[in-house]
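Numbers given in this note's numbering equal positions in the sequence shown, counted from 1, plus 198. Note that beta-carbon positions come from the ideal geometry of N, C-alpha and C, so glycine has one too. Everything on this sheet refers to the single structure shown next.
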Amino acid sequence: MSEQIETNSTVEENTETLNVDSPAQFKSIQLKTIELAHKDYNELYIIIENFVKDNGDLTPANITLCITKIMIFVQKIGGLNGEQKKELVIYTINDYISQIDNEELKFSLLTFSELFLPSFIDTIVDVNNKKIIIKSIKSCCSSIKNLFK
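Pasting the structure below:
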């Protein structure tokens, strides 16, 4: 699954303190916001919209697949370091989630995003960079199977 996307982004970095009114009512956190050229932000949003169109609503069960698709696009944007790309993925998905009408679903997705998304992104990056090597799914599953004998 190799996607070739060319992009010419203009990147500006601002630091600001945001009060997060999250499901867990976390205190103020400091975030770097990344302002991309209008075209690139629209592309990220289109990726999410196409995912939802193809897979139904964004849910806690499928959000990681959507995030992976966003990450594939974001890795090709020049001028951003890894931490900024991670922040961009989180910002984009949270922006989409914030516009969901179903309050219960929105709450679940924002909770997932806040609690698990940063470490999920780090893990995917580590697997991609071969810092984490998954030897074989078969051996993993056979180990689980042996537990039930």
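From which residue to which residue does the alpha helix (DSSP H) around residue i run?
i, result
"I270", "261-272"
"I288", "280-295"
"N326", "315-326"
Tell me the DSSP secondary structure of residue i in three-state form.
i, result
"I332", "coil"
"F310", "helix"
"D299", "coil"
"D255", "coil"
"I275", "coil"
Kindly list the residues whose CB is nearer than 6 Å to the CB of residue i, restricted to its own chain and excluding five residues on each side of it in sequence; keep chain order.
i, result
"K284", "I319"
"V272", "K283, L286, V287"
Considering only their Cβ atoms, is the gap separating residue j from residue i smaller than 8 Å?
i, j, result
"V323", "G280", "yes"
"I275", "I245", "no"
"L308", "N327", "no"
"I331", "T321", "no"
Can you list, in chain order, the residues of its chain whose CB lies under 8 Å from that of residue i, leaving out five sequence neighbours each side?
i, result
"I288", "S311, L315, P316, I319"
"T262", "F318"
Task: Cβ contact check for the stretch 297-313 and the stretch 248-265: 3 or more pairs under 8 Å - done: Taking a cut-off of 8 Å on C-beta distances, the stretch 297-313 touches the stretch 248-265, as three or more cross pairs fall below it.
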